[in-house]
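Right, one structure below, let's go through it.
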Amino acid sequence: MIQNKQQFYDLLNCIYSSLSSHKTLHIVLQRSLINDKTVLDIGSTLEKCTNLEDLILNLSYNLISCQGASVLGSALEKCYNLKILVLTLNANEIGEIGSSGLCSGLGKCINLQDLKLYLSNNQIADAGASGLGSGLANCINLSNLTLDLIGNQITAQGLSGLCSALTSCTNLSNLVLFLTNNQISDEDASSAFNLAKCTNLSNLTLYLNNNKIGVEFASLLGSALVNCTNISYLNLDLSYNQIDDEGVSNLGQALASCTKISNLTLIFNHNQIGEKGEFGLGTALAKCTNISKLKLDLNQNQIGAIGISHLDSALANCTNLSNLTLNISNNQINDEGVSELCSALGKSTHFSNLTLDLCYNNISDKGVQGLGINLANCTNLSNLTLYLSNNQICTTGVSALCSTLANITNLSKLELNLSHNQIGNQVQSGQGFALAKWTNLSYLFLDLSNNQIGDEDISDLGSALAQCTNLQYLMLLLYYNYIGDEGASELGLALGKCTNLSQLTLWLNKNEINKPELLKIKSKYLKSKRLVVFKSIFY
Numbered sequence: 003m004i005q006n007k008q009q010f011y012d013l014l015n016c017i018y019s020s021l022s023s024h025k026t027l028h029i030v031l032q033r034s035l036i037n038d039k040t041v042l043d044i045g046s047t048l049e050k051c052t053n054l055e056d057l058i059l060n061l062s063y064n065l066i067s068c069q070g071a072s073v074l075g076s077a078l079e080k081c082y083n084l085k086i087l088v089l090t091l092n093a094n095e096i097g098e099i100g101s102s103g104l105c106s107g108l109g110k111c112i113n114l115q116d117l118k119l120y121l122s123n124n125q126i127a128d129a130g131a132s133g134l135g136s137g138l139a140n141c142i143n144l145s146n147l148t149l150d151l152i153g154n155q156i157t158a159q160g161l162s163g164l165c166s167a168l169t170s171c172t173n174l175s176n177l178v179l180f181l182t183n184n185q186i187s188d189e190d191a192s193s194a195f196n197l198a199k200c201t202n203l204s205n206l207t208l209y210l211n212n213n214k215i216g217v218e219f220a221s222l223l224g225s226a227l228v229n230c231t232n233i234s235y236l237n238l239d240l241s242y243n244q245i246d247d248e249g250v251s252n253l254g255q256a257l258a259s260c261t262k263i264s265n266l267t268l269i270f271n272h273n274q275i276g277e278k279g280e281f282g283l284g285t286a287l288a289k290c291t292n293i294s295k296l297k298l299d300l301n302q303n304q305i306g307a308i309g310i311s312h313l314d315s316a317l318a319n320c321t322n323l324s325n326l327t328l329n330i331s332n333n334q335i336n337d338e339g340v341s342e343l344c345s346a347l348g349k350s351t352h353f354s355n356l357t358l359d360l361c362y363n364n365i366s367d368k369g370v371q372g373l374g375i376n377l378a379n380c381t382n383l384s385n386l387t388l389y390l391s392n393n394q395i396c397t398t399g400v401s402a403l404c405s406t407l408a409n410i411t412n413l414s415k416l417e418l419n420l421s422h423n424q425i426g427n428q429v430q431s432g433q434g435f436a437l438a439k440w441t442n443l444s445y446l447f448l449d450l451s452n453n454q455i456g457d458e459d460i461s462d463l464g465s466a467l468a469q470c471t472n473l474q475y476l477m478l479l480l481y482y483n484y485i486g487d488e489g490a491s492e493l494g495l496a497l498g499k500c501t502n503l504s505q506l507t508l509w510l511n512k513n514e515i516n517k518p519e520l521l522k523i524k525s526k527y528l529k530s531k532r533l534v535v536f537k538s539i540f541y
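Residue numbers for the sequence shown follow this note's numbering, beginning at 3 and rising by one.
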């Protein structure tokens, strides 16, 4: 009798099971001191699973060498019906010979369609990466492939060997390559990334972060991507490299030719990109008219106000863009820069989901006021996330921001991080938090930690929240302020008026609340009749 799914955490139990009846098998033996001798037993067991179609085998963090990896490959090639394989061998000692031997066996699994192979931290090096590719090139029916080669001393030469071999997988449609923490650089980069013959490739994810990639590799990567004419989903992580203005401009120019891309993620944080690079990237993105979802991470570069002005006009031209995540934290952006950015965003009425990370910049009340005014024009926004921590924003700026955001009548979910600013004790009562018009808001995350908020400010906040009549989920982070018993108590009474509130998470620790009053204060937060989940930290 064929058994649909069996899961084992002990090898002996697996060995003595009805092996020929297994169709789906999960074996989890990580951190089990498994060596090459034990792998022989595992291999013998797998050879008897004649009906196996779906296998998950986790052998990470063991003592398997090149010999054991080759034995495992030989065993898997006898699983003739295998279609789906997830094989995890992270942190063993298989080396370049072991990876080649393993994939030589896998290459004979001609029915394999979906493969996830995790080989991080195994000293595979260039020869092993090339051998791995040569083996997998024989998997002619492979459509989904994930390769984890993190931390394996692979250079551009090894990547070239791997990618050249994978071009034989003509049915490949989804490819994920983890190449973080290797030694990939501009040296020998001329043919490092060649997947032009993978004409069916539609989804591509490349993790190339923490290498030594510069202008040449970035440019060649772009040229290679132009030939992948059917890509609709592209995720490139090039963070923590040495990419400058020329490199990002050349890569962007190439991406402009990938006309079918609708979902694009570009992660460039911790590089050397300045105003010119931002101009080049922005010009290219303006031509990507089919993009509907974009994530752009430029954290920790040298963009500045002028650079951001080039980006904003580009985004305004992406008329199909409905979902945008933009991280430009740590970039010396001032009030002028944020006004330029949001002026363009305000003209983009097609946004429904927007995330802006502007932390660690030089934004004051003037900048945040302009931000609010322009975002208020995004009338179709339903989900908005703003990260504004570690700037120079005062209560006046918060008041202006909240007032203008209230004009986005479709807004149902808001996440607002204003921690580490200068909010509190600076305006007259009732002017701090203008939330009364947020009538459609059902989800609110508000981080006001590490400010100067006292009892009067928190009373204003409570009164404002009480008028958010449709609020169902609320998370308030108020730690490291100057809130006392009176303020905490009044906040509790106000939240009790949020009649639809079902989930409340409240952080009031590191304030000036007396412990003897805690029970009385907490009881006031429990008066909301619909409250199902209540989590609180008061000290």
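Even glycine gets a Cβ: it sits at the ideal position worked out from N, Cα and C. Remember, it's a predicted structure, so these values are computed and weren't measured experimentally.
> Using the C-alpha atoms, what's the distance from N336 back to I126?
Replying inline: Computed Cα separation, rounded: 46 Å.
>> For the structure I just gave you, are there three or more beta carbon pairs, one from the stretch 295-314 and one from the stretch 323-330, closer than 8 Å?
In response: With a cut-off of 8 Å, the stretch 323-330 and the stretch 295-314 count as touching, because enough Cβ pairs lie within range.
> For E240, which of N229, D116, L223 has the nearest alpha-carbon?
Replying inline: In the sequence as displayed, the identity of residue 240 is Leu instead of Glu. Considering only alpha carbons, the answer is L223.
> I think N265 touches S234, with their Cβ atoms under 8 Å apart; what is that distance to the nearest whole Å?
Replying inline: Approximately 7 Å separates the beta-carbon atoms of N265 and S234; this is inside 8 Å, confirming the contact.
> According to the neighbour-count rule (16 or more other Cβ atoms, all chains shown, within 10 Å of its Cβ), is Q9 buried or exposed?
Replying inline: Sixteen is the threshold: since fewer than 16 other Cβ atoms of the shown chains lie within 10 Å of the Cβ of Q9, the residue is exposed.
> Among A191, V370, L390, N409, which one has its Cα closest to the Cα of T381?
Replying inline: Considering only alpha carbons, the answer is N409.
> Roughly how far, in whole angstroms, is the beta-carbon of C290 from the beta-carbon of I263, given that I think they are within contact range, below 8 Å?
Replying inline: Your pair C290 and I263 checks out as a contact, with CB atoms roughly 6 Å apart and the cut at 8 Å.
> Is the beta carbon of I186 sitting closer than 8 Å to the one on T207?
Replying inline: Not closer than 8 Å, so no.
>> Run through the DSSP bridge pairs and tell me what Q424 is partnered with.
In response: For Q424, which the question treats as bridged, DSSP gives the partners C396.
>> Comparing C-alpha positions only, which one of L287, Q371, N229 sits nearest to N322?
In response: Taking only the C-alpha atoms, the option nearest N322 is L287.
>> Quick check on DSSP: helix, strand or coil for G486?
In response: Note: G486 maps to strand in three-state DSSP.
> Can you tell me the Cα-Cα spacing of I340 and A139, whole angstroms?
Replying inline: First, the residue type needs correcting, since residue 340 is Val and not Ile in the sequence shown. If you take the alpha carbons of V340 and A139, they lie about 49 Å apart.
> How far does the alpha helix (DSSP H) with N15 in it reach, from first residue to last?
Replying inline: First-last of the alpha helix (DSSP H) with N15: 13-17.
>> Helix, strand or coil for K526? Go by DSSP, reduced to three states.
In response: In the three-state reduction of the DSSP assignment, K526 falls in the helix class, which pools H, G and I.
> Since T507 is in the beta strand (DSSP E), which residue starts that stretch and which ends it?
Replying inline: Residue range 505-509 is occupied by the beta strand (DSSP E) that includes T507.
> Can you give the Cα-Cα distance for R532 and L473, rounded to whole angstroms?
Replying inline: Straight-line measurement puts the Cα of L473 at about 11 Å from the Cα of R532.
> Which residue from Q371, A402, L420, T397 puts its Cα closest to that of T387?
Replying inline: It is L420.
> Can you pull the DSSP bridge partners for Y82?
Replying inline: Bridge partners of Y82: none, in fact.
> If you run the structure through DSSP and keep just helix, strand and coil, what is S101?
Replying inline: The answer is helix: DSSP assigns S101 an H, G or I state.
> Whose C-alpha, out of S294, N325, C344, is nearest the C-alpha of H312?
Replying inline: Out of S294, N325, C344, C344 has the C-alpha closest to the C-alpha of H312.
> How is N146 classed by DSSP in three states: helix, strand or coil?
Replying inline: Of the three classes helix, strand and coil, the one that applies to N146 here is strand, per DSSP.
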